[in-house]
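For the protein sequence lines, the chains are A and B, in the order given.
Here our numbering is used: position 118 in the first sequence is 144, and no number is missing along the way.
Here our numbering is used: position 170 in the second sequence is 179, and no number is missing along the way.
Ideal placement from N, C-alpha and C gives every residue a C-beta, glycine not left out.
Inspection log for the structure reproduced underneath, given as structure tokens.
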Amino acid sequence: MSFATKSGVVLGVLGPNGAGKTTLIRILTTELLPSEGRAFVAGFDVVRETGRVRRVIAAVPQEGKPIDFLTPYEFVVSYLLLRGLSLREARRRAAEALKQFGLWEVRGREIETLSGGMKRRVLVAAVFAADAEVIFLDEPTVGLDVYSRRVVWNAVLEMKRAGATVVVSTHHAEEAAALSDYVVVLSRGRVAGFAPPRELVERVPGKYVVEVEGGADSIADYVAVLQVGSTKLYYVNELPQTLQRAINGTRVVVRPKSLEDYVLLASHSAQGGL
Amino acid sequence: MSAAGTALKAIRDALIVAWVNGWIAMVRGFVWVLSSALTPLSILVVLAAHGGLKGLKWGLVGGLIWIVTSSSLSLIGDAAYYRVAIKYQSMLVASPTSAVGYAIGLALSALIFALPALLAHIILLALLDVPALTLESLYALATLWLATAGMAFAASGLVRHMKYAWSVPSILSAVMVVCAPVYYPATLMPSPYLGVLLPTGAAGIVLQHSARLATYSAPLLLAALLSLTAQSIVGLYCTARLARWRER
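Here it is in structure tokens:
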């Protein structure tokens, strides 16, 4: 795989399970040694300049959880101290971050008593407070309710506004589309697409998507078709005619094409090209 | 960063990790402290019941070694928990945290956890007028801590599933204390020099001699001290090099 992005942007990493999103992030965060090739973060080689990379990055790992017997305040302060901040600065930033993430009221409660969404927000708050140059968030919104997800989204945009480069891996195309300046789509360990989300959507064939439940070939005038379980996705240019032909007792959904379609098509394409 | 700066950062990180994983954990979960002290206390009671004052002294000296060993080995569970279960180590890898500082911090936190039980044993030994805490025995306990903590941190890197992380330390503690002359004299072994193979046995020989529970030859004592020194160096090497801070 090969791609490069400029600093100060949000990079979405999209792909199905097993595409290599977490492996990519673990390599870029210096946790996993690449078997071959080279990777640079903020201009530093992740293998040869590990120390320099680690000084400018911060990460929330996939399925990461804060230490449950600590309070949110203790967790964030200790994380910042380990990053080398002074106690005074760590306390100041921890207070700011906890307020921003709606955790100030529970700052003194043990984390194990908090909800799953709050626990996740504690992790993101710690990384947010680190004020790192490049921030990696590996599926940061998995299992979060709508409110917590919005808090995380806002934080991502806030980090970008502060000048950080944020790398967000996610399963959800709408999340990547909403947050990212660029999206890299991975499929079977390869880059199946790398561009701003709107450009990737434009690469999806046709103008509309007609989803037809059941296996019958009910639409003829399509430019691409995809079978996902018992549903067929027809990518079409002309809507009225295809609709008339489709309605014959089966459930039909018509929608505009989206980034999700790009991911679906890319993950079904053997070599990742569209 | 200069070598001195790197060393200072490692010491700072070790103290922070020890504060989090040792002090706060101990204050919030005192039941764990009691549970970790339960086995040596049980053995102490049994030995005292059957061996009287002499049994009590053997139990106290052996207990010191058991507590240091089991608390250091419990690091396997802590390190695996942070790496496998909650991915806290992954957060720290992606930061300027010192890997050695983190490992030593976990080892220190295990020692903090063991302090109440250690103090109880030391006070009882003092009350019984047993001269267990000589310079040599303090050196033996310190090197035992380094050797077993290093071994534990390296072993934690091999743990893939949490179901093994908590059981392995208990098994290892029992093996290392029972198979070595900790609660019995090294002279009961086919050769007393076999006792120095494990750090627990080497520490046992030094402590038993200091406490005047057994009398050993100078070469055996020297062998025990050399073994502890070598194994603590191996432990430090394991901590610095073999710990899974970066995976292949």
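Paired residues, beta bridge with residue i - DSSP
i, result
"A:Ile-53", "In DSSP, A:Ile-53 forms no bridge with anything."
"A:Ile-161", "A:Ala-84, A:Val-192"
"A:Glu-237", "A:Leu-259, A:Val-279"
"A:Phe-70", "A:Val-67"
"A:Tyr-208", "A:Leu-37"
"A:Gly-219", "A:Val-211"
"A:Gln-253", "A:Lys-258"
"A:Trp-124", "Here residue 124 of chain A is Leu; the residue named in the question, Trp, does not match the sequence. Answer by DSSP bridge pairing: none, since A:Leu-124 is not bridged."
Nearest to residue i (by Cα), restricted to the options the options
i, options, result
"A:Glu-57", "B:Gly-72, B:Leu-65, B:Ile-74, B:Leu-101", "B:Leu-101"
"A:Thr-139", "A:Glu-62, A:Pro-231, A:Glu-264, A:Phe-95", "A:Phe-95"
"A:Asp-287", "A:Leu-50, A:Glu-62, A:Arg-229", "A:Arg-229"
"A:Glu-122", "A:Val-39, A:Thr-97, A:Gly-46, A:Ala-155", "A:Ala-155"
"B:Gly-166", "B:Ala-94, B:Tyr-193, B:Gly-68", "B:Ala-94"
"A:Pro-166", "A:Leu-205, A:Leu-285, A:Leu-129", "A:Leu-205"
"B:Arg-221", "B:Val-55, B:Phe-122, B:Lys-63", "B:Lys-63"
"A:His-197", "A:Asp-164, A:Gly-143, A:Leu-59", "A:Asp-164"
"B:Leu-82", "B:Leu-65, B:Leu-69, B:Leu-117, B:Ile-242", "B:Leu-117"
"B:Ile-214", "B:Ala-141, B:Thr-248, B:Ala-164", "B:Ala-141"
"A:Lys-91", "B:Pro-228, B:Tyr-91, B:Gly-60, B:Ala-227", "B:Tyr-91"
"A:Phe-162", "A:Asn-180, A:Lys-145, A:Thr-191, A:Ile-137", "A:Thr-191"
"B:Met-35", "B:Pro-105, B:Leu-124, B:Tyr-148", "B:Leu-124"
"B:Ala-149", "B:Arg-37, B:Ala-57, B:Thr-238, B:Ile-132", "B:Thr-238"
"A:Asp-247", "A:Glu-264, A:Glu-239, A:Met-144", "A:Glu-264"
"A:Ser-195", "A:Met-185, A:Val-210, A:Arg-135", "A:Val-210"
"B:Ser-236", "B:Leu-153, B:Val-177, B:Ser-219", "B:Leu-153"
"A:Met-27", "A:Thr-276, A:Tyr-261, A:Gly-215", "A:Gly-215"
"B:Ile-74", "B:Arg-250, B:Val-40, B:Gly-61, B:Gly-210", "B:Gly-210"
"B:Leu-230", "B:Ala-249, B:Cys-247, B:Pro-194, B:Ser-176", "B:Pro-194"
"A:Arg-118", "A:His-294, A:Gly-255, A:Leu-106, A:Gly-128", "A:Leu-106"
"A:Val-227", "A:His-294, A:Glu-136, A:Leu-59, A:Pro-282", "A:Pro-282"
"A:Gly-302", "A:Lys-186, A:Arg-147, A:Val-168, A:Val-217", "Shown here, chain A extends from 27 to 300; a query on residue 302 of chain A therefore has no answer."
"A:Lys-186", "A:Ser-174, A:Arg-175, A:Ala-158, A:Asp-171", "A:Ala-158"
"A:Ala-85", "A:Phe-127, A:Ile-137, A:Arg-146", "A:Arg-146"
"A:Leu-170", "A:Asp-71, A:Trp-179, A:Gly-143", "A:Gly-143"
"A:Gly-255", "A:Asp-71, A:Leu-290, A:Pro-223, A:Tyr-261", "A:Leu-290"
"B:Leu-136", "B:Ser-226, B:Cys-188, B:Leu-65, B:Ser-241", "B:Leu-65"
"A:Arg-81", "A:Val-72, A:Leu-124, A:Glu-89, A:Ala-116", "A:Val-72"
"B:Gln-240", "B:Ala-212, B:Cys-188, B:Ala-13", "B:Ala-212"
Closer than 7 Å: residue i CB and nearest the ligand ATP heavy atom
i, result
"A:Glu-225", "The model depicted lacks the ligand ATP and carries no ligand whatsoever."
Whole-Å CB distance - residue i paired with residue j, under 8 Å assumed
i, j, result
"A:Val-278", "A:Glu-225", "The pair is not a contact, with the Cβ atoms about 29 Å apart (cut-off 8 Å)."
"B:Ala-103", "A:Ile-93", "About 16 Å; that fails the 8 Å criterion."
"B:Ser-3", "B:Ala-119", "Residue 3 of chain B lies beyond the residue range present for chain B, which begins at 10 and ends at 257; the question has no answer from this structure."
"A:Pro-98", "A:Val-153", "So it is not a contact: roughly 13 Å between Cβ atoms."
"B:Gly-68", "B:Ile-52", "6 Å"
"A:Leu-212", "A:Leu-54", "So it is not a contact: roughly 13 Å between Cβ atoms."
"A:Pro-231", "A:Ala-250", "4 Å"
"B:Pro-208", "B:Ala-156", "4 Å"
"A:Gly-219", "A:Ala-292", "6 Å"
"A:Val-160", "A:Val-67", "6 Å"
"A:Ala-199", "A:Tyr-208", "Incorrect: roughly 14 Å between the Cβ atoms, too far for contact."
"B:Ala-19", "B:Ser-107", "4 Å"
"B:Leu-115", "B:Asn-30", "6 Å"
"B:Gly-244", "B:Met-185", "That pair is no contact at about 13 Å."
"A:Val-280", "A:Leu-259", "That pair is no contact at about 11 Å."
"B:Val-205", "B:Ala-232", "5 Å"
"A:Gly-134", "A:Val-177", "About 20 Å separates the two Cβ atoms, so there is no contact after all."
"B:Gly-72", "B:His-130", "5 Å"
Could you name the residues of the region 99 to 113 of chain A whose beta carbon sits closer than 9 Å to any beta carbon of chain B, in the order they occur along the chain?
Listed by position along the chain: Glu-100, Phe-101, Ser-104, Tyr-105, Leu-107, Leu-108, Arg-109, Gly-110.
Can you list, in chain order, the residues of the region 39 to 73 of chain A whose Cβ is nearer than 8 Å to any Cβ on chain B?
Residues Arg-52, Thr-55, Thr-56, Glu-57, Leu-58, Leu-59.
Output, in sequence order along the chain, the residues in the region 93 to 107 of chain B whose CB is closer than 9 Å to any CB in chain A.
For the region 93 to 107 of chain B, which is checked against every Cβ of chain A, the residues closer than 9 Å are Ala-94, Ile-95, Lys-96, Tyr-97, Gln-98, Ser-99, Met-100, Leu-101, Val-102, Ala-103, Ser-104, Pro-105, Thr-106, Ser-107.
Can you find at least 3 beta carbon pairs, one from the region 169 to 178 of chain B and one from the region 199 to 214 of chain B, that sit closer than 8 Å?
Under the Cβ criterion (8 Å, minimum of three pairs), the region 169 to 178 of chain B does not count as touching the region 199 to 214 of chain B.
Would you call the region 76 to 88 of chain A and the region 37 to 46 of chain A touching, i.e. three or more CB-CB distances under 8 Å?
Short answer: they don't touch.
Taking contact to mean 3 or more Cβ pairs, one atom from each stretch, closer than 8 Å, check whether the region 17 to 30 of chain B and the region 46 to 55 of chain B are in contact.
Contact between the region 17 to 30 of chain B and the region 46 to 55 of chain B is absent, because fewer than three Cβ pairs lie under 8 Å.
Okay, do the region 174 to 184 of chain B and the region 102 to 118 of chain B touch, 3+ Cβ pairs below 8 Å being the bar?
Short answer: they don't touch.
Output, in sequence order along the chain, the residues in the region 26 to 47 of chain B whose CB is closer than 9 Å to any CB in chain A.
When C-beta distances to chain A are compared with 9 Å, the residues of the region 26 to 47 of chain B below that value are Val-26, Trp-28, Val-29, Asn-30, Ile-33, Ala-34, Arg-37, Gly-38, in chain order.
Taking any Cβ of chain B, which residues in the region 185 to 214 of chain A have a Cβ under 9 Å from it, in chain order?
Along the region 185 to 214 of chain A, none of the residues has a CB nearer than 9 Å to a CB of chain B.
Give the residues from the region 170 to 185 of chain B that approach chain A closer than 9 Å (Cβ to any Cβ), ordered along the chain.
Flagged: no residues at all.
Of the residues that make up the region 55 to 88 of chain B, which ones have a beta carbon closer than 7 Å to any beta carbon in chain A?
Residues: none.
Residues from the region 131 to 155 of chain A in contact with chain B, defined by Cβ distance under 9 Å
Answer in chain order: Glu-136, Leu-149, Ala-152, Val-153.
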